[in-house]
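Peer 1: I'd like to ask you about the structure that follows.
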Amino acid sequence: MNFFEFPITLEYEGVFFLKWVIILLIFRQISLYKLNWKYCLGIPLFLMFLEVFYYDIVGLFEILLLPIVLTIINYKNKLNWTKTQFLFYSFFPFSLLQLFISLATSFVLFCTNLTVEQWWEYKWSDFVSLFLGTIFYYLFYNFVRMDNKIIHSGLSSFRLKRVVSLFVASVITSSMLIFILDVLNYIQGGGWIKVSVDIIHIRRIISIVYFFIMISFLFYISEEVKKEQEAELLSLKDQQLNSMSSYSKHIESLYTQIRGFRHDYTNLLVSLNEAINSNDMPAVKNIYNAVLADSGKSLNSDSYQIGNLAKIGNPSIKSIISAKLMEAHQKGITLTVEVEDYMDSPKMELLDFIRILSILLDNAIEAAESCQKPSLVFAFFKDKGSDILIVENSTEKKRVNTKTIFQRGFSSKGDNRGIGLANVKEILDKYDNVILNTTSVNYQFRQEMRIE
Amino acid sequence: MLNIFVLEDDFFQQSRLEQAINRCMKENQLKYRQLEIFGKPQQLLDAIKEQGNHQFFFLDIEIKGDEKKGMEIAREIRAKDPNAVIVFVTTHSEFMPVTYKYRVAALDFIDKGLADSDFYDAVSSVLVYAFENVGTTVASDAFVFRNEHSHVQVPFSDILYFETSSTIHKVVLTTKTGHMEFYGKVSDIAKADERLYQSHRAYVVNPENVTKIDRTNHIVYFEDDESCFVSRLKLKGLIERVEK
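So the protein lines, in turn, are chains A and B. Counted from 1, the first sequence has number 118 at position 106 by this note's numbering; the numbering is strictly sequential. Counted from 1, the second sequence has number 656 at position 106 by this note's numbering; the numbering is strictly sequential.
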């Protein structure tokens, strides 16, 4: 058979191809999964050829195509999604577009006053519906300003688990209902059974009703997530205020100390002057050794290390670091703080950076505490255009396995304490420009984060 | 034999350091080939003729009011010579051991404010350390991998293996001391350095650090019980590379 004799037509296969490209693009947009452009065109092309050969089967089971495609991708690339996420992403893009296409069809029928059958006789009807449906989707997307990140975090939010499951269940149920109606319609079309109700009409009603259910779910979830984030921000701000005030208290106490020194120095200089005038070298040596030689040491003591944070520009970052470091200082941990350059917030979302900072510092304090000679190093500086953050602590064991500590639920100290580093990994998964290097050698555990 | 270079703009500190160095040579019966003291950074840079871990630098950080001049010089030295030994001699308030170790792999910091005997001990200990290490050229060859998002640089001898991460588009590198995760592809890493060997679709290993190969279960072992997989097709090639 000649290739060109295949019934490939623009109004059927062309529309099918285009529809799947759009579905994959919606998937890409919603799931934040960076599906390769080659796949975005290749998969629809493959599906189209499949459709040419097995028109009926592909047409009927179209709803299952995306789940199958995603299962294959998942097998190849480990998508790292929860079951809920997987179900959502495999059904939502298709049913979303399907809904908008139905809406577009209803809209056209309403405007032109045609019946469905009349409309379907028009050769380009599918194309027009798809085109209008896509425009509706685009408008809808921009109108509600659906934030993909919010949906994404809503899906993995623990508090919203029930609502999200309900939402996903509703997506699947409606998809399945429409699928069953399509099958019924197909069987009826074949003349095997007779149904007394107008299936196409019911299908359209379901689409419209479900559209509103979907919108309410989306709004509810995004509102809840936003509320949650705002609450977190608020508590963070409170925390920041508290630690800022204790930071300034700390600096004030250091200043008082320095003022004491200044007073002592003045007295000493007076007596030194006396000794020099009377050419009494032993007395000069005596005075110098007794007091001045030691004062340098106390000025370099640990409590002054926290003062090195002065070069951190962002107040939120400064306050969280100072709070943690003061806590460490109070627990008797030897501190080294290095901030050489003026540091502003790095190329990450501020909230993410602060979360990571507090987890790393909490872990370091907790681990150092149990050592005989507890020590903690904090360094934040620039190197070749990147921001480098180093948090290093002494450890009880000579070497810690750096991989297991990142697993969820793992903690070297009992239950419910090991979620920290797993969260760090989850946050960093979003960033291509951050490298976290974790090393443990010779009783020193070190986290080195490089932000390009 | 060391070539010792000193960068210090204060005359008093210059002679103090010079005395400490000479005393150390005498007491430990060591000899340097060359000791040069500079007040101006450019003169020091111009005087460098050789490379290697027998090149020893004592640098002050603040030179003629320029707060970070010493740091810049250290960077220039390091860019030309990955093995040179760099020690900063400075006041305590300028100590940034972690930062400078990261940037230029500085060996140590010595506090100018130390009492003479402590100052001598500090100078002496870094010099003796450098003398002991001259000639033992450790394979400090770096593995460098660069793409649009990440820039990874680690000593090649530390690398055990790379694997695809559970996070899409990321790679996990396991080293002798820990691990790191960055943006990239395992196949690109195999291409980046021919000393590496791709043993599996998801793994690239450093043959130098393989300790054992389990031929029946297709597992490659490294020190500290670290292990990864080798595919049936790549097994023979890996054995050849390891035995080489």
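Backbone N, C-alpha and C fix where the C-beta goes; we use that ideal spot for every residue, glycine too. Model, not experiment: these values are computed from the prediction.
For residue 405 (chain A), name the three-state secondary structure that DSSP assigns.
Peer 2: strand
Peer 1: So, is the C-beta of residue 731 (chain B) closer than 9 Å to a C-beta in chain A?
Peer 2: yes
Peer 1: Is residue 455 (chain A) close to chain B? Criterion is C-beta to C-beta, closer than 9 Å.
Peer 2: no
Peer 1: Which ranges does the alpha helix (DSSP H) cover as unbroken runs of at least 4 residues, wholly within the stretch 330-412 of chain A, from first to last along the chain?
Peer 2: 362-381
Peer 1: Is there a C-beta anywhere in chain B that falls below 9 Å from the one on residue 472 (chain A)?
Peer 2: Because chain A in this structure spans residues 13 to 464, residue 472 (chain A) falls outside the shown range and cannot be described.
Peer 1: What does residue 356 (chain A) reach in chain B if we use C-beta pairs closer than 9 Å?
Peer 2: The premise fails here: residue 356 (chain A) is roughly 17 Å from chain B at the closest Cβ pair, so nothing lies under 9 Å.
Peer 1: Is there a C-beta anywhere in chain B that falls below 9 Å from the one on residue 45 (chain A)?
Peer 2: Yes, contact with chain B.
Peer 1: Given residue 406 (chain A), which residues of its chain have a CB within under 7 Å of its CB, disregarding the five upstream and five downstream residues?
Peer 2: 380, 383, 385, 386, 387, 455, 456
Peer 1: Taking only three categories from DSSP, how would you classify residue 257 (chain A)?
Peer 2: helix
Peer 1: Checking contacts by CB at 9 Å: is residue 705 (chain B) closer than that to chain A?
Peer 2: no
Peer 1: Just the chain C side, please: which residues come within less than 7 Å of residue 452 (chain A) by C-beta, in chain order?
Peer 2: Absent from the structure: chain C. Protein chains present are A and B.
Peer 1: Exposed or buried, what is residue 243 (chain A) when buried is set at 16 or more other beta-carbons lying within 10 Å of its beta-carbon?
Peer 2: Counting Cβ neighbours within 10 Å, residue 243 (chain A) comes out exposed, since fewer than 16 surround it.
Peer 1: Which residues in the same chain have their Cβ closer than 7 Å to the Cβ of residue 744 (chain B), if we skip the five residues on either side of it in sequence?
Peer 2: none
Peer 1: Enumerate in chain order the residues of its own chain whose CB-to-CB distance from residue 699 (chain B) is below 7 Å, with the five nearest sequence positions on each side excluded.
Peer 2: 733
Peer 1: Could you name the residues of the same chain whose beta carbon sits closer than 6 Å to that of residue 375 (chain A), not counting the 5 residues immediately before and after it, in chain order?
Peer 2: These residues qualify, in order along the chain: 432.
Peer 1: Taking the C-alpha atoms as reference points, what is the distance between residue 611 (chain B) and residue 625 (chain B)?
Peer 2: 12 Å
Peer 1: According to DSSP, is residue 783 (chain B) helix, strand or coil?
Peer 2: helix
Peer 1: Ignore the nearest five residues each way along the sequence and tell me which others in residue 111 (chain A)'s own chain have a CB closer than 6 Å to its CB.
Peer 2: If we look at residue 111 (chain A) and ignore the five residues flanking it on each side, its Cβ neighbours are 219, 223.
Peer 1: Could you tell me whether the Cβ of residue 439 (chain A) comes closer than 9 Å to any Cβ of chain B?
Peer 2: No, residue 439 (chain A) does not count as interfacial toward chain B.
Peer 1: Please determine, among A:398, A:24, A:343, the residue with the shortest C-alpha to C-alpha distance to residue 133 (chain A).
Peer 2: A:24
Peer 1: Check whether the stretch 440-448 of chain A and the stretch 563-575 of chain B are in contact - that is, three or more C-beta pairs closer than 8 Å.
Peer 2: no
Peer 1: Where does residue 454 (chain A) sit, in a helix, a strand or coil, going by DSSP?
Peer 2: coil
Peer 1: Please go through the stretch 686-770 of chain B and give each complete alpha helix (DSSP H) segment of 4 or more residues, from N-terminal end onward.
Peer 2: 736-742
Peer 1: Give the DSSP bridge partners of residue 582 (chain B), in chain order.
Peer 2: In DSSP, residue 582 (chain B) forms a bridge with B:552.
Peer 1: Closest to residue 458 (chain A) by CA distance: which of A:443, A:390, A:40, A:437 is it?
Peer 2: A:390
Peer 1: Please name the residue or residues paired with residue 658 (chain B) in a DSSP beta bridge.
Peer 2: B:637
Peer 1: For a cutoff of 9 Å on Cβ pairs, would you count residue 396 (chain A) as touching chain B?
Peer 2: yes
Peer 1: Would a check of beta-carbon distances place residue 768 (chain B) closer than 9 Å to chain A?
Peer 2: no
Peer 1: For residue 761 (chain B), would you say it is in contact with chain A, using Cβ-to-Cβ distances shorter than 9 Å as the test?
Peer 2: no
Peer 1: Do residue 362 (chain A) and residue 336 (chain A) have their beta-carbon atoms positioned less than 9 Å apart in this structure?
Peer 2: no
Peer 1: Can you tell me whether DSSP reads residue 73 (chain A) as helix, strand or coil?
Peer 2: coil
Peer 1: Closer than 7 Å between beta carbons: that is the criterion. Which residues of the stretch 368-400 of chain A meet it against chain B?
Peer 2: Cβ contacts with chain B come from 389, 391, 393, 395, 400.
Peer 1: With a threshold of 16 other CB atoms inside 10 Å of the CB of residue 646 (chain B), please say whether the residue is buried or exposed.
Peer 2: Of the other Cβ atoms in all chains shown, 16 or more fall within 10 Å of the Cβ of residue 646 (chain B); this residue is therefore buried.
Peer 1: Rounded to whole angstroms, how far is the Cβ of residue 680 (chain B) from the Cβ of residue 552 (chain B), which I believe are closer than 8 Å?
Peer 2: 6 Å
Peer 1: With 16 as the cutoff for other CB atoms within 10 Å, does residue 325 (chain A) come out buried or exposed?
Peer 2: Classification for residue 325 (chain A): exposed.
Peer 1: Can you tell me which of A:331, A:100, A:364, A:30 puts its alpha carbon nearest to the alpha carbon of residue 140 (chain A)?
Peer 2: A:30
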